[in-house]
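So the mapping is simple: this note's numbering equals the position in the sequence shown, first residue as 1, plus 2.
Where a beta carbon is used, it is the ideal one built from N, C-alpha and C, also for glycine.
On a predicted model such as this, the values are computed, not experimentally measured, just so you know.
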Amino acid sequence: MLKQLKQHPIYFGLVVLLLILGTLFNFYFSKTEGFVWLNGFHTEALDQFFSFYTLLGDGVCSIIVVLCLFILKKYRKASTLLLAFLSSSLAAQLLKRLFQLPRPKMYFEATSFQYNHFIEGITLHNSNSFPSGHTTSAFALATVLVLVFKKEKLAIPCLIGATLVAYSRIYLAQHFLQDTIAGALIGTIFGMLSYYCVKQKKMHLPFKNIYKKAKSEQILSKHYGFSTKKQPLIQEENHTAL
Numbered sequence: 003m004l005k006q007l008k009q010h011p012i013y014f015g016l017v018v019l020l021l022i023l024g025t026l027f028n029f030y031f032s033k034t035e036g037f038v039w040l041n042g043f044h045t046e047a048l049d050q051f052f053s054f055y056t057l058l059g060d061g062v063c064s065i066i067v068v069l070c071l072f073i074l075k076k077y078r079k080a081s082t083l084l085l086a087f088l089s090s091s092l093a094a095q096l097l098k099r100l101f102q103l104p105r106p107k108m109y110f111e112a113t114s115f116q117y118n119h120f121i122e123g124i125t126l127h128n129s130n131s132f133p134s135g136h137t138t139s140a141f142a143l144a145t146v147l148v149l150v151f152k153k154e155k156l157a158i159p160c161l162i163g164a165t166l167v168a169y170s171r172i173y174l175a176q177h178f179l180q181d182t183i184a185g186a187l188i189g190t191i192f193g194m195l196s197y198y199c200v201k202q203k204k205m206h207l208p209f210k211n212i213y214k215k216a217k218s219e220q221i222l223s224k225h226y227g228f229s230t231k232k233q234p235l236i237q238e239e240n241h242t243a244l
């Protein structure tokens, strides 16, 4: 686990920095004050942008990436991302039902705070606010992509993409800051754990047999110049003299 942190100092360093800054902000401002400050940058263009951008964290995006990796025969990468998505989503859903904290809409109604900015097409939910499931999925996806592709240049784009998903949940009045902080932490941790488990072969790979077959065909083709694919049988006719 520590090796992963050392190999990607930019990504994990910035994740830790964001979590620390978010936590300090959360302690300095009350829940309502922090929400009002973070939620106070509305424009018509941003309303439309975040209404669509937030969908990147609903899980469909992760599944699409898994399928793309599978089609490209990146079976180990696909397995890692699938494991990260499923495990982090399960953890987030369990915590939602454990804490059952109200979302901004219900919280403001209970505290008589008037929140009036509603975006057309966005349905505000009432409960299970903590943690943010969208943020969890986004950070799990970002973490896995950085780890499996081992390219430091992916660190900033992946982090920005996941952070924007987290902010979209506050912007759309679906979550408080503390919900997104927890989601980012859960997604990052389970992304790292999934990468570690698959790499160390501590978990059964969903595509294990396909992965082994593909690797075998690749090795045979490279070193011996032939494929393991079945060739059509040529039947010879035997003519018997009468």
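Would you mind working out which of the options sits nearest residue i, comparing C-alpha positions?
i      : options                          : result
Ser134 : Ile191, Lys155 and Ala186        : Ala186
Val38  : Phe110, Leu97 and Arg99          : Phe110
Gly59  : Phe27, Lys155 and Thr138         : Thr138
Ile12  : Ala157, Ala140 and Pro106        : Ala157
Lys152 : His10, Thr190 and Phe29          : His10
Leu19  : Thr165, Arg99, Asp181 and Glu154 : Thr165
Leu149 : Val200, Asn28 and Phe51          : Val200
Phe51  : Pro159, Ile66, Glu154 and Ile124 : Ile124
Phe49  : Glu122, Tyr117 and Phe101        : Sequence inspection shows Asp at residue 49; the Phe mentioned does not correspond to that position. With distances taken between Cα atoms, Asp49 lies closest to Glu122.
For residue i and residue j, which I take to be in contact (beta-carbon distance under 8 Å), what is that distance rounded to the nearest angstrom?
i      : j     : result
Leu161 : Leu16 : 6 Å
Ala80  : Val68 : 5 Å
Leu322 : Leu71 : Outside the shown range of the chain, which is 3 to 244, sits residue 322, and nothing can be said about it.
Which same chain residues, not among the five before or five after residue i, have their C-beta less than 6 Å away from its C-beta?
i     : result
Ala86 : Ala142, Val146, Phe192, Gly193 and Ser196
Lys33 : Phe178
Ser64 : Phe87, Ser139 and Leu143
Below 7 Å CB to CB, which residues in the same chain sit around residue i once its five sequence neighbours on both sides are set aside?
i      : result
Phe14  : Leu7
Asp56  : Residue 56 is actually Thr in this sequence, not Asp. His136, Val167, Ser170, Arg171 and Leu174.
Leu92  : none
Gly189 : Ser90, Thr137, Thr138, Ser139, Ala140, Phe141, Ala142 and Thr145
Asn128 : Pro104, Arg105, Lys107 and Met108
Ala94  : Pro133, Gly135, Thr138, Gly185 and Ile188
Ser131 : Leu103, Pro104, Arg105, His177, Phe178 and Asp181
Glu154 : His10 and Ile12
In the DSSP assignment, find the unbroken alpha helix (DSSP H) run with residue i in it and report its ends.
i      : result
Tyr169 : Ala157 to Tyr173
Gly36  : Lys33 to Leu40
Met103 : According to the sequence displayed, residue 103 carries Leu and not Met. Run containing Leu103: none; DSSP gives neither H nor E here.
His136 : Gly135 to Phe151
Gly24  : Pro11 to Tyr30
Ile121 : It is not in any alpha helix (DSSP H) - Ile121 carries neither H nor E in the DSSP assignment.
Glu46  : Glu46 to Tyr55
Ser196 : Leu179 to Lys201
Beta-carbon within less than 8 Å of residue i's beta-carbon, same chain only, minus the 5 sequence neighbours each way: which residues are those?
i      : result
His119 : Asn41, His44 and Ala175
Asn28  : Gly36, Leu179, Gln180 and Ile183
Leu21  : Ile183, Ala186 and Leu187
Phe54  : none
Gly163 : Leu58, Ala140 and Ala144
Practice prompt. Taking only runs that begin and end inside the segment 57-101, name each unbroken alpha helix (DSSP H) of 4 or more residues, in chain order.
Written response: 62-73 and 77-101
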